[in-house]
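Colleague: Okay, handing you the structure first.
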Amino acid sequence: MKTIFVEAKYDKELIIPKIVLNKLPSKIMLFLTAQLINQKKQLIKQLNNAGKIVVLKKTPHTIYEGQLIGCNTEVIKGDFEAFFYIGDGMFHPEALIVKNDKPVHIWNMISKDYKLLTLKDAQKLRKRIQSAKMKFLISKEIGVLVTTKPGQNKLEQFMKLKKDYPEKNFYLLANNNIEFDRLEDFPFIECYVNTVCARIAYDDYDKFPKIVLNVEDLA
């Protein structure tokens, strides 16, 4: 059976409100959801006409420059003052503050709301990550979450952990989806390492019976 991927597009022309434009610094990195990529050129033109310099970047797991997905929690370098995200919801832009110190200006084109995320908003999450790293270092029995989904399977990370930390016991917990209630079947595990989507450890940490840490955060 063939699988066909069809892109959905937001066809209503977007006009960035002047009050939002005035809040933006002079040099921004623009990010959009996939549904808005078709409007990228005209949005950049609006920003340029308002005196803004726009920087674009293609992030991992995306198709287009300027496209943002919720898994983009990596450090993003470049010559710009702030991020500017256009889209609905907070899931995507919250990914930007995980490891980046620059502010994130958000315009929700559905609700017409403007919001600003700063380093202060990221501090709670970053403190939790540091606490999880400390728990990992002092723990011996480690459960490693691995998905069997094509494109997301990172079994090699499990093997690397065993090599890098030979003094610890690692247990491979592989499934298509993470079933949080099933983790209760392993009471001896002291800490979990997540190799699946990074947002699971950030957004669903309270569903785990023990501390959870993303494998990328061990670096």
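In terms of the working numbering, the sequence shown is residues 2 to 220.
We put the beta carbon where it would ideally sit given N, CA and C, even for glycine.
Count the CB pairs spanning the region 99-117 and the region 55-71 that are closer than 8 Å, and state whether there are at least three.
Modeller: Segments in contact, no.
Colleague: Alpha carbons only, please: which of 102, 20, 9 and 17 is nearest the one belonging to residue 35?
Modeller: Along the sequence shown, one-based indexing puts residue 35 at 34. If we check each option's Cα against that of residue 35, 9 comes out closest.
Colleague: If you count every other CB in all the chains shown that lies within 10 Å of the CB of residue 94, and 16 or more means buried, which is it?
Modeller: In the sequence shown, residue 94 corresponds to position 93, counting from 1. By the neighbour-count rule (16 or more Cβ atoms within 10 Å), residue 94 is buried.
Colleague: With distances taken from CA atoms, which of 23, 64 and 21 is nearest residue 39?
Modeller: To locate residue 39, count along the sequence shown from 1; it is residue 38. Considering only alpha carbons, the answer is 64.
Colleague: Determine the closest residue to residue 51 out of 22, 169, 31 and 37, with distance taken between C-alpha atoms.
Modeller: Residue mapping note: residue 51 aligns to position 50 of the sequence shown, counting from 1. Per the Cα distances, 22.
Colleague: Between which two residues does the alpha helix (DSSP H) harbouring residue 107 extend?
Modeller: Position 106 of the sequence shown holds residue 107. Segment 105-108 is the beta strand (DSSP E) holding residue 107; no alpha helix (DSSP H) there.
Colleague: So, are the CB atoms of residue 83 and residue 26 less than 8 Å apart?
Modeller: The count along the sequence shown starts at 1 and reaches residue 83 at position 82. The count along the sequence shown starts at 1 and reaches residue 26 at position 25. Yes; because the gap between Cβ atoms is below 8 Å, this pair is in contact.
Colleague: Short of 6 Å in beta carbon distance, which residues of its chain neighbour residue 142, apart from the five on each side in sequence? Order them along the chain.
Modeller: Indexing the sequence shown from 1 puts residue 142 at position 141. Same-chain partners within the cutoff: 170, 189, 190 and 191.
Colleague: Can you tell me whether residue 20 is helix, strand or coil according to DSSP?
Modeller: Taking the sequence shown and counting its residues from 1, one reaches residue 20 at position 19. Helix.
Colleague: Mapping DSSP to helix, strand and coil, what is residue 118?
Modeller: Taking the first residue of the sequence shown as 1, we reach residue 118 at position 117. Strand, per DSSP.
Colleague: In three-state terms, what does DSSP make of residue 202?
Modeller: As a working mapping, residue 202 is identified with position 201 in the sequence shown. Of the three classes helix, strand and coil, the one that applies to residue 202 here is helix, per DSSP.
Colleague: Using CA coordinates, which residue listed in 209, 201 and 220 is at the minimum distance from residue 92?
Modeller: If you number the sequence shown from 1, residue 92 lands on position 91. Among 209, 201 and 220, the Cα nearest to that of residue 92 is on 201.
Colleague: Does the contact criterion of 3 or more C-beta pairs under 8 Å hold for the region 95-106 versus the region 115-122?
Modeller: Yes: at least three Cβ pairs fall under 8 Å.
Colleague: Can you round the beta-carbon distance between residue 175 and residue 149 to whole angstroms, since I take them to be within the 8 Å contact cut?
Modeller: Numbered from 1 along the sequence shown, position 174 holds the residue referred to as residue 175. Numbered from 1 along the sequence shown, position 148 holds the residue referred to as residue 149. 6 Å between Cβ atoms; contact.
Colleague: So, under 8 Å CB-CB, residue 193 and residue 216 are touching, yes? Tell me the CB distance rounded to an integer number of Å.
Modeller: What you label residue 193 is simply residue 192 of the sequence shown in a count that begins at 1. What you label residue 216 is simply residue 215 of the sequence shown in a count that begins at 1. With a Cβ gap of about 10 Å, residue 193 and residue 216 do not count as contacting.
Colleague: Measure the alpha-carbon distance for residue 11 versus residue 37 and round it to whole angstroms.
Modeller: Here residue 11 is taken as the residue at index 10 of the sequence shown, counted from 1. Here residue 37 is taken as the residue at index 36 of the sequence shown, counted from 1. When rounded, the distance between both Cα atoms is 6 Å.
Colleague: Given this structure, state the Cα-to-Cα distance separating residue 183 from residue 89, to the nearest angstrom.
Modeller: Numbered from its first residue, the sequence shown carries residue 183 at position 182. Numbered from its first residue, the sequence shown carries residue 89 at position 88. In a straight line, the C-alpha of residue 183 is about 33 Å away from that of residue 89.
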